[in-house]
Amino acid sequence: MSLTIIIGGQWGDEGKGKVVDWFTTNYKPSVIARFNGGNNAGHTVVNGKGTFKFHLIPSGVFHKGVKCVLGNGMVIDPAGLIKELKELHDKGVKTDNVLVSDKAHLVMPWHFLIEEAQENYRGKNSLGTTKKGIGPAYSDKAARTGIRFSEFINKKFFLERLEEVYKLKSKELKAYGKKLPSQKSIFEDYCKFALKLKKHVTNTERLLRDAQERREEVILEGAQGSLLDVEWGIYAKVTSSATTRLGVYQGTGLLPLQNEQVIGVYKAYITRVGAGYLPTQMDKKTQDLIRNAGNEFGVTTGRSRRCGWFDAPLARYSAKKNAFTEIVLTKADVLGVLDKVKICVDYKLNGKILDYIPSSEAEFNRCVPVYEELPGWGRSTSNIKNYKDLPINFKEYCKRIEGLIGVKISIVSLGPSTHQTVVVS
Ligand code: IMP
Numbered sequence: 002m003s004l005t006i007i008i009g010g011q012w013g014d015e016g017k018g019k020v021v022d023w024f025t026t027n028y029k030p031s032v033i034a035r036f037n038g039g040n041n042a043g044h045t046v047v048n049g050k051g052t053f054k055f056h057l058i059p060s061g062v063f064h065k066g067v068k069c070v071l072g073n074g075m076v077i078d079p080a081g082l083i084k085e086l087k088e089l090h091d092k093g094v095k096t097d098n099v100l101v102s103d104k105a106h107l108v109m110p111w112h113f114l115i116e117e118a119q120e121n122y123r124g125k126n127s128l129g130t131t132k133k134g135i136g137p138a139y140s141d142k143a144a145r146t147g148i149r150f151s152e153f154i155n156k157k158f159f160l161e162r163l164e165e166v167y168k169l170k171s172k173e174l175k176a177y178g179k180k181l182p183s184q185k186s187i188f189e190d191y192c193k194f195a196l197k198l199k200k201h202v203t204n205t206e207r208l209l210r211d212a213q214e215r216r217e218e219v220i221l222e223g224a225q226g227s228l229l230d231v232e233w234g235i236y237a238k239v240t241s242s243a244t245t246r247l248g249v250y251q252g253t254g255l256l257p258l259q260n261e262q263v264i265g266v267y268k269a270y271i272t273r274v275g276a277g278y279l280p281t282q283m284d285k286k287t288q289d290l291i292r293n294a295g296n297e298f299g300v301t302t303g304r305s306r307r308c309g310w311f312d313a314p315l316a317r318y319s320a321k322k323n324a325f326t327e328i329v330l331t332k333a334d335v336l337g338v339l340d341k342v343k344i345c346v347d348y349k350l351n352g353k354i355l356d357y358i359p360s361s362e363a364e365f366n367r368c369v370p371v372y373e374e375l376p377g378w379g380r381s382t383s384n385i386k387n388y389k390d391l392p393i394n395f396k397e398y399c400k401r402i403e404g405l406i407g408v409k410i411s412i413v414s415l416g417p418s419t420h421q422t423v424v425v426s
């Protein structure tokens with residue numbers, strides 16, 4: 002296998018960072034690449050060097066010699082990237098292998114201001130975004146008013162482009178009653194950023210295609226989850242990038258030329274942050290239990306995540322959208338705090354079982370979950386090393402999920418550390 006694609010099957014926060022780290026340790030890829038999003042993502046990796054929270058840099062950065070690519074499909078806040086590079090550097094982690102696509106887009110100061118103004122303007126209908134400028138940066142990319150890293154690292158080209166875009170953005174912000182910092186101060190700040198980042202910027206699509214042609218191992222690290230995809234997610238409470246497998250090709254330049262291993266990462270329950278209906282939302286008491294046991298607080302925003310029961314209709318939908326070849330079930334240990342567990346096996350709409358996920362959010366919001374109740378295992382499993390030693394009810398739970406999604410679970414994760422990972426045998 003040479004392309005391993007790791008994708009969140011739910012609404013993000015499935016524990017992909019740890020899964021990427023596990024696959025990197027075991028597969029020894031030459032490259033790990035991100036293809037979507039920006040620092041709206043938050044990945045936690047716990048290893049021998051400590052606990053690390055990444056927003057932009059792929060989780061494989063600890064592995065010697067592995068190139069870590071921030072692909073062309075990303076939108077990157079240069080100040081955020083510099084901060085992450087510095088944190089790693091200060092902890093003795095080498096960052097020479099962090100490479101940024103020269104076609105990736107910049108997050109600019111106006112993106113934060115526009116997002117804030119739009120969210121305020123929406124009032125009770127706000128999306129609950131991460132306020133990292135992601136939506137406005139992707140909007141500018143589509144509107145042909147974005148700025149690429151290739152321009153950013155060349156002072157002359159950057160100034161030309163900035164002059165053109167600054168005028169438009171000042172006008173736009175005026176309509177919201179907001180004022181931009183001066184063009185001069187933005188130019189000066191961004192030139193300082195460019196000086197620090199220039200050595201990391203390169204033609205990453207060539208690097209990736211060369212690796213693909215040489216059949217080297219390449220890992221693709223998805224950010225957010227499939228249900229947040231701008232095309233295939235539960236629109237409009239989505240992020241602005243392509244979060245599914247389809248985003249890989251557009252966001253890196255790789256092509257679907259060979260057999261791929263496509264790993265769907267699902268939590269054993271489900272969480273959602275920001276606005277939008279969570280059909281299987283648990284009652285308050287159970288949510289509090291799960292939130293605390295699973296530390297369900299955003300890595301990027303610190304917001305508490307809403308918790309729900311495993312939602313098989315949505316899981317089936319995302320498995321089909323990505324053609325997952327296997328599943329990694331994460332945070333299964335967390336459910337050990339309960340004596341009984343529920344799974345949503347179907348949705349009902351107007352009294353009828355659905356065999357599809359509605360395209361309209363208004364219809365989705367009216368879907369009613371149909372539950373099955375299973376006995377829990379009511380104990381901690383976080384120190385178990387072999388699948389055969391897991392409680393029988395735990396294994397039955399996994400089997401039921403496999404049956405409902407139609408894809409095999411190959412790995413279960415029983416805690417945040419890389420070693421708390423059990424291969425299903
Ligand atoms: P944005 O990506 O900041 O524009 O936010 C759009 C929606 O996606 C909001 O509901 C966010 O809470 C959600 N979102 C964005 N990134 C993540 C993530 O990494 N995990 C979970 N939700 C996310």
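The sequence shown begins at 2 in the working numbering and counts up one residue at a time. Just so it is clear, CB atoms sit at the ideal spot from N, CA and C, and this is done for glycine as well.
Residue i, buried or exposed, once every other Cβ within 10 Å from all chains shown has been counted against 16
i	result
P314	buried
A34	buried
N40	buried
L100	buried
Q213	buried
V219	buried
Y372	exposed
Q259	exposed
S183	exposed
K180	exposed
G93	exposed
K200	exposed
Beta-carbon spacing of residue i, residue j below 7 angstroms
i	j	result
W310	T331	no
V424	V329	no
D427	S60	Beyond the ends of the chain as shown, which are 2 and 426, falls residue 427; an answer cannot be given.
F153	A195	yes
G43	H64	no
I8	R367	no
N323	V263	yes
V300	T45	yes
L107	I135	no
G10	A316	yes
S242	N384	no
A255	L209	It is worth fixing the name first, because residue 255 is Leu in this sequence and not Ala. It is a contact, given that the beta carbons lie within the stated cut-off.
P376	C345	no
Closer than 6 angstroms: residue i CB and nearest the ligand IMP heavy atom
i	result
G147	no
N40	no
Q225	yes
L57	no
L71	no
G178	no
D312	no
T240	yes
L1	Absent from the model: residue 1. The displayed extent of the chain is 2 to 426, so no value can be given.
G275	yes
G10	no
G13	yes
I135	yes
G252	no
T130	yes
Length-filtered (3 minimum) beta strand (DSSP E) runs lying within the region 88-174: Within the region 88-174, the complete beta strand (DSSP E) runs of at least 3 residues are 99-102.
Three-pair Cβ contact test at 8 angstroms for the region 401-415 versus the region 350-362: Short answer: they don't touch.
Stretch pair the region 72-80 + the region 115-123: three plus CB contacts closer than 8 angstroms: No: the two stretches stay apart, fewer than three of their Cβ pairs being nearer than 8 angstroms.
Is it a yes or a no for the region 79-88 touching the region 137-145, going by three-plus beta-carbon pairs under 8 angstroms? Contact check between the region 79-88 and the region 137-145: fewer than three CB pairs, one atom from each, fall below 8 angstroms, which does not count as touching.
Please list the segments of the beta strand (DSSP E) lying wholly inside the region 244-276, counting only runs of 3 or more residues, in order along the chain. Segments of the beta strand (DSSP E) lying fully in the region 244-276: 261-268 and 271-273.
Taking only runs that begin and end inside the region 344-376, name each unbroken alpha helix (DSSP H) of 4 or more residues, in chain order. The qualifying runs are 362-365.
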